[in-house]
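Remarks on the structure that follows.
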Amino acid sequence: MRNERFFSWSFMTGLVTGVIGLAYLVLGVWLAALGGSPWYMLFGSGYLLSGIFIARRHASGIWLYLLTFLLCCVWSVWEVGLDGWQLMPRLFVMALLGVWCSLPLITRQVMATRGNHRTGTFAGLVYVVAIVGIFYSGWQVTGSRFVHRQPVPAQSGDVQATSPESNDWRYYGRTEAGQRYSPLTQITPANVSQLKPAWEFHTGDVMRKGEDKDGREFNFEVTPVKVGNSLFICTPHREVIALNATTGAQRWKFDPKSDTSANEYLACRGVAYSQSAGDKVCPEKIIATTSEARMVALNAQTGEPCSSFGQNGFVSLTDHMGDVPPGFHFITSQPMVMDGRIVLGGWIYDNQSTGEPSGVVRAFDVNTGQLAWAWDMGRDPQNAPLKPGEVYTRGTPNGWGTYTGDPKLGLVYIPLGNATPDYYGAGRRPFDEKYSSSLVALDIHTGEERWHFQTVHHDVWDFDLPIGPTLVDLPSPEGITVPALVQTTKMGQLFLLDRRTGKPLAQVNEKPVNTSPSLPGEHLSPTQPDSVGMPSLSPPDLKETDAWGATPIDQLYCRIQFKSARYQGQFTPPAEGKSIAYPAFDGVMDWYGASVDPIRHVLIANTSYIPFTMELKKSADAIKEGLMHKWAGWGSNQPYPKPKEFSVGPQYGTPWAAIVKPWLSFLQAPCNAPPWGKLVAVDLTARKIAWERPAGTTRDMNIFGTHTNVPLPTGIFMMGGNIITQSGLIFTGATADNYFRAFDETTGNELWRARLPAGGQATPMTYTGDDGRQFVVIAAGGHGGLGTTSGDALVAYALPAR
C-alpha cells in the first residue's frame, strides 16, 4: 500500500509540479536580487506547495494550483496585455500541467476522500480556456492582424514598357539602380495562386564536412543574372554556371578549383555581366571572383576564361595589399560593371586585428582587366597611384556589400564598413573616423570622391553599411522630380538623400546617446545621426518584460540574463563584461537591402529582430580560457592563429577580445518575443509606413536546431531580399521556414506560398522565357546562421503552360 502511494500518478504529478515550483522560487529569488520582478517568488511558492499537497493527496493542492495559475494570468496580462506569444511562455506549460492535474486519473486519487473528484472539471475548463486564449490572441497579433497605416499609392501614368532589355536582369537589383523591380505583369495578384514549379536545377555544390562547424557558414545566396535566354549563377565554392533560362538546362560550368579550407564564410551572391564591342576576343563576359581573392572574366557563351583579360583571364586582388593570410580577403557580392569599369571592394575577415588588409575600392578596365583607379582613403589624394613598393593603407573601412550606380551622373555608390577591429576604436585614425559606416559617391571614371555621408559616428557596434543604396526619382514638395537614393542600415534607419550631392532630403538630426561606461582610451561620439524625417524600422528598446523563451523557466532565465547584462538601448557602449546589443551586426536589414517600386514610390523591406550578447574580455583572460592564442602580429613569421569559434573576435593589437552570440535561452529559443521577422511597406512620398506584417512561421525552427515545429505565425528571422513586380506583387523566400511567398503590394496580404527543398535565403528575380511565360527564380540553399536546411537548388516557378 505504501509503495502504491509512493509511485501513484498523483505522487508523480505532485513531484513534477513541486520541482517546477522550486525552480520558479530559486530563479525568482535570483531575479528579484537583480532588481527584477518579485512575482516569480510568489508563483514559485504557490506551485511548490500545491505540488507537495498533490503528492500527499490533499485536495487543497488542486485548488492552490488553480489559484496560483489565475494569479499568474492576471499578472501576465498586466505585464504584456493580450499578446498571445508573450503570454505563451508565462502560461502555456502551466496550463497544460493544469489540464493534467484536472484529469480524473489525478483527481480521483487526490480528491477521493471528499467524494467530489468531478469538481476538477471546472479547473480543467479554466486551463483549456487559457490555452485557447493564448493561441487566439497570438494569431490576432501576428497571424491575421497587421498594421495598415495608409493606403499604398496607386500606379501613376508613368508605367514602364516591357522591352527586351527590361526582360533582362543584369544586376543584383536588375539595373544599376538596385531597385529589384520588374516591369513584367503576366503574374498578377489574381492568378499568382496558380504558380507551379517549372524546373529545378541542382548545382551539385553542397556543404562539405566541417563547413558549418563552430560558426562557419556555407550559404547559397546567389541572385542569378539573366541576359537573353541565359542565366548565370555562382555557388558557395565559386563555381560559375550558365543555364537555359526557359528550361533550366545547364549550358556550361566553370570551376576555378579554389582552396576554400581557410575560408570561414562560404558564399557568393552573384556574378556580373559585361558587353563591350571594344573587345573582339571576348565581347560578352561574365565577371566573377574566387574564394582566394582573384577576379576572372569568362566568355559568356562558352565559360572559358577570356585570354584578353588580365593573365589568361585572371586578375589578382591581393596585389599591393601586403600580408593577406588565406581566407582573410575575398569578395562575396557581385562586382559592379558600369561605363567600361569593373568596381569592387571586398570582404575582410573583420574583428581579428588592427592593421588588417586594406578596404581599398578598385576599378578595372572591363576589356583588359588593367587597374583603372584605386580609392584609398588613407592616401592624399585618395585616388593617387601607388609608388613602387607601396601598399594600400591597411586597416581601413571596406566596402563589402553590393554597389549601385547612376550612369547619367557617372557615380558609383560605395557602402563602407568599419575600420578593424569592430568593437574597440581607440586607435582609429582621422580618415577611419571620417569614412567608417559611410556612403561614398565616387566618379566611375576617375575614382575621385564626389561626396560622402556618415550613418554612424565612431562605430563600435559593427553597424557598417551592408549594401549600397536604392536609387529612385521622387517628387518634391515643389512639384519637381528629385534624383534620390534610400540607404538602408543595420539599425533599421532609412536615410533619404539627394544622390547628386549626398544632402538629406528628409531631416536628419544628431541624437544624444550614452557614452558611459566606456573602455579605457575609448572616445565615443556623444551624438549619432537620426533620420527623423523617415519612418524608423528600428525595434523599440528592450525591457525586462520583453524577455521570451520556450518554457516558463526559459523565459525566467532570459529575464535574469537581461538584468545581469548591461543594456542602455541601441548604442549601448561596449565595456568589460557582458552587454546586450539590439540591433546587432546582423542588423534589422543586412546585405539584401530593400526593393523600391519607382512607379508607386513604395519601399519594401524584409526586417529581422534578434538581439545578441556581446562580451568583452581582457585579451590575457581570453587566451587563458582558450578562446584565442598569442600572436606576434603582422610582419612576424608566425601564421595567423584563427580562433576556434567564429563568434570570437580576438581584436589583436588591442587589450580586448569580443565574443558575440545570439541572445538565446537554455533551450536555444530566442530571448526576445515575436514577431521576429516583418515585411514592411514605406510610402516614400508621404514618408510613412503604409503597412507592416509579420512574415514567416516557426515551421522549420525548433529548439536544439531541429527542423520540425508547429507552424505558428509568429514572423520569423529573415536573411535575403524581396522583389516587386509592376503587377503589384512582392516575392520573397528569405524567411527561416523553407517557404517561397508572394504578397500583395497594396495590402500586404499573403497570396501564395510554395515549399522549397531548402531555405530560400537569397533574393529572387523574374523574367519572361522564350516560351512566353514569366518565371520567378530563387536559390534554395539554406543559411548556416539561421540554421535552415542546406541545399543546392535553383527553383523556377511559372503559370501553367496553355
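All residue numbers in the sequence shown are consecutive under the UniProt record's numbering, ending with 802.
Glycine residues also receive a C-beta, built at the ideal position from the N, C-alpha and C atoms.
All values reported here derive from a predicted model rather than from experimental measurement.
Exposed unless 16 or more other CB atoms sit within 10 angstroms - verdict on residue i
{"i": "Asp-771", "result": "exposed"}
{"i": "Pro-407", "result": "exposed"}
{"i": "Ser-307", "result": "exposed"}
{"i": "Phe-122", "result": "exposed"}
{"i": "Glu-510", "result": "exposed"}
{"i": "Ile-730", "result": "buried"}
{"i": "Gly-14", "result": "buried"}
{"i": "Asn-219", "result": "buried"}
{"i": "Arg-429", "result": "exposed"}
{"i": "Thr-446", "result": "exposed"}
{"i": "Lys-617", "result": "buried"}
{"i": "Leu-70", "result": "exposed"}
{"i": "Gln-577", "result": "What sits at residue 577 in the sequence shown is Gly, not Gln. Looking at its Cβ environment, which holds fewer than 16 other Cβ atoms inside 10 Å, Gly-577 is exposed."}
{"i": "Asp-83", "result": "buried"}
{"i": "Thr-501", "result": "exposed"}
Assigned secondary structure, residue i (DSSP; H/G/I helix, E/B strand, else coil)
{"i": "Leu-603", "result": "strand"}
{"i": "Gln-352", "result": "coil"}
{"i": "Ile-659", "result": "strand"}
{"i": "Arg-428", "result": "coil"}
{"i": "Gly-677", "result": "strand"}
{"i": "Ser-193", "result": "helix"}
{"i": "Arg-341", "result": "strand"}
{"i": "Val-482", "result": "strand"}
{"i": "Ala-95", "result": "helix"}
{"i": "Ile-131", "result": "helix"}
{"i": "Met-321", "result": "coil"}
{"i": "Asp-770", "result": "coil"}
{"i": "Arg-57", "result": "coil"}
{"i": "Pro-694", "result": "strand"}
{"i": "Asp-546", "result": "helix"}
{"i": "Phe-43", "result": "helix"}
{"i": "Phe-364", "result": "strand"}
{"i": "Val-777", "result": "strand"}
{"i": "Gly-721", "result": "coil"}
{"i": "Gly-784", "result": "coil"}
{"i": "Ser-525", "result": "coil"}
{"i": "Thr-735", "result": "strand"}
{"i": "Phe-571", "result": "coil"}
{"i": "Lys-434", "result": "helix"}
{"i": "Ser-790", "result": "coil"}
{"i": "Tyr-797", "result": "strand"}
N-terminal and C-terminal residue of the alpha helix (DSSP H) that residue i is part of
{"i": "Tyr-172", "result": "Segment: none, Tyr-172 is in no alpha helix (DSSP H) and carries neither H nor E."}
{"i": "Gln-109", "result": "104-111"}
{"i": "Gly-405", "result": "Note, Gly-405: premise wrong, no alpha helix (DSSP H); beta strand (DSSP E) at 404-406."}
{"i": "Lys-563", "result": "552-564"}
{"i": "Leu-22", "result": "9-33"}
Limits of the unbroken beta strand (DSSP E) element including residue i
{"i": "Ser-274", "result": "272-275"}
{"i": "Val-508", "result": "Neither: Val-508 is in no beta strand (DSSP E) and is coded neither H nor E."}
{"i": "Val-225", "result": "225-227"}
{"i": "Ser-438", "result": "438-443"}
{"i": "Leu-471", "result": "470-475"}
{"i": "Val-391", "result": "Note, Val-391: premise wrong, no beta strand (DSSP E); not H, not E."}
{"i": "Asn-219", "result": "217-219"}
Cα-Cα separation, residue i to residue j
{"i": "Pro-650", "j": "Val-588", "result": "25 angstroms"}
{"i": "Lys-642", "j": "Val-360", "result": "23 angstroms"}
{"i": "Ser-230", "j": "Tyr-273", "result": "11 angstroms"}
{"i": "Ile-553", "j": "Ser-8", "result": "26 angstroms"}
{"i": "Ala-798", "j": "Thr-732", "result": "15 angstroms"}
{"i": "Ala-793", "j": "Pro-757", "result": "7 angstroms"}
{"i": "Gln-109", "j": "Ser-45", "result": "23 angstroms"}
{"i": "Asp-597", "j": "Ala-363", "result": "30 angstroms"}
{"i": "Gly-313", "j": "Ile-342", "result": "14 angstroms"}
{"i": "Lys-644", "j": "Ala-657", "result": "13 angstroms"}
{"i": "Gln-160", "j": "Pro-153", "result": "Its pLDDT being 46, under 50, Gln-160 is placed unreliably by the model, and the measurement read from it follows with that caveat. Going from the Cα of Gln-160 to the Cα of Pro-153 covers about 16 angstroms."}
{"i": "Leu-25", "j": "Gly-124", "result": "25 angstroms"}
{"i": "Leu-67", "j": "Cys-671", "result": "28 angstroms"}
{"i": "residue 803", "j": "Asn-418", "result": "Because residue 803 is not part of the residues shown, which for the chain are 1 to 802, the question remains open."}
{"i": "Asn-263", "j": "Gly-345", "result": "17 angstroms"}
{"i": "Lys-630", "j": "Ala-622", "result": "10 angstroms"}
What are the uninterrupted segments assigned as alpha helix (DSSP H) that are 4 or more residues long and contained completely in the segment 612-663, given in chain order?
-> Scanning the segment 612-663 from its first residue to its last, the whole alpha helix (DSSP H) runs of 4-plus residues come out as 619-624.
Those runs of the beta strand (DSSP E) which lie wholly inside the segment 233-313 and span at least 3 residues = Complete beta strand (DSSP E) runs here, min 3: 240-244, 250-254, 265-267, 272-275, 284-289, 294-299.
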